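Reading through the structure tokens given below for one structure.
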Amino acid sequence: MNIINNSLEQQHLKKQYAIDQRVRIEDIFSRDLATKIHNSLNTSGVFDYAYIKDGRPTLSSSADLSVLSTQQQHSMRKSILELGSQGIGYLYARHPIDTHSDNVLIAVKKWLNDKKTLELVKDLTGKTDIKLASAQATRFSHGHFLTRHQDIHEIEQRRLAYVLNFSENWHPDWGGLLQFYETNGTPRDAWSPLFNSMAIFDVKHIHSVTYVAPLAMRPRLAITGWFRAS
5 MNIINNSLEQ QHLKKQYAID QRVRIEDIFS RDLATKIHNS LNTSGVFDYA
55 YIKDGRPTLS SSADLSVLST QQQHSMRKSI LELGSQGIGY LYARHPIDTH
105 SDNVLIAVKK WLNDKKTLEL VKDLTGKTDI KLASAQATRF SHGHFLTRHQ
155 DIHEIEQRRL AYVLNFSENW HPDWGGLLQF YETNGTPRDA WSPLFNSMAI
205 FDVKHIHSVT YVAPLAMRPR LAITGWFRAS
């Protein structure tokens, strides 16, 4: 597992990050390994649904939601979308990668926290106090979204956000784009979730994941998290 192949590429990526404190790296893993990660993210049944309820982050399993009446499900959906219309909240499926996860996902988290990986990320970005990386599996299906926000978190001392993408043949018209914004909310550019790529950016960047359209032929699959100082 290697982020980059040689010192020349490392210097190029370092220069790219320095321009705007963000960089996207392609072909992170071998094709075979990336496909295995994709398959795990696509078929695992351990994902919960993340959203805001009564002003608090909430997780509900498929079993939790299945016992709700049609009216209750409609009411919950309406509440989530009303918050989203105000630029608040999110809706997507997630699974924190831990000892109960698939082995291939555990291996990715181990790689993220490997000394060589952390040293490389510190060199590319200049964030020399990074000590560890968190990791969660995410699945964005029809109607899922993540509204505009920053990832600053003083307690966790987040320094960088990252997104490892495993969506094959994703079409940008399907939504699910990593959208960046100016401080006043004006949209900047957006990055499509290119298969087997890694986006790394300073947590001060305002960003979102755009609404996944009904025409999307498959879910947006990723491993996301933060490189942290504690």
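Numbering (this note's numbering), first residue to last: 5 to 234. We treat Cβ as the ideally placed atom computed from N, Cα and C, and that holds for glycine. All figures in this text were calculated on a predicted structure; none of them were measured in a lab.
| query | result |
| --- | --- |
| Residue ranges of each beta strand (DSSP E) run of no fewer than 3 residues wholly in the region 33-99, ordered along the chain? | 52-57, 60-64 |
| Compare the Cα-Cα distances from Glu186 to each of Gly229, Asp155, His211, Gly59 and report the closest residue. | His211 |
| Under 8 Å Cβ to Cβ from Ala38, same chain only, skipping five residues before and after it: list those, please. | Ile32, Phe170, Phe199, Asn200 |
| Would you mind stating whether Tyr96 and Arg28 have Cβ atoms separated by less than 8 Å? | no |
| Count the CB pairs spanning the region 62-75 and the region 101-118 that are closer than 8 Å, and state whether there are at least three. | no |
| Could you work out which residue in Gly229, Arg35, Arg26 is closest to Leu128 when comparing CA atoms only? | Arg26 |
| Along the alpha helix (DSSP H) that carries Trp115, what are the first and last residues, could you check? | 107-116 |
| How would you write the range of the alpha helix (DSSP H) that Leu128 sits in, first residue to last? | 119-129 |
| Determine, using beta-carbon pairs with one atom in the region 203-218 and one in the region 171-185, whether at least three such pairs fall under 8 Å. | yes |
| Please go through the region 177-227 and give each complete beta strand (DSSP E) segment of 3 or more residues, from N-terminal end onward. | 182-185, 191-195, 201-206, 210-213 |
| Under 8 Å between the Cβ atoms of Ala111 and Arg232? | no |
| Buried or exposed: Val125, going by 16 or more other Cβ atoms within 10 Å of its Cβ? | buried |
| Please state whether DSSP places Thr154 in a helix, a strand or coil. | According to the sequence provided, residue 154 is Gln. The question's Thr does not apply to it. In the structure shown, Gln154 sits in coil (DSSP, three-state: anything other than H, G, I, E or B). |
| Would you call the CB atoms of Ile56 and Leu85 closer than 8 Å? | no |
| Taking the beta strand (DSSP E) that Phe144 belongs to, which residues open and close that run? | 140-144 |
| Taking the Cβ atom as the reference point for each residue, do Ile156 and Lys208 lie within a distance shorter than 8 Å? | yes |
| Which first and last residues belong to the beta strand (DSSP E) in which Ile29 is found? | 26-29 |
| Per DSSP, what kind of secondary structure is Ala233 in: helix, strand or coil? | coil |
| Considering only the alpha carbon of each residue, which of Ile41, Trp195, Ala203 lies closest to Leu225? | Ile41 |
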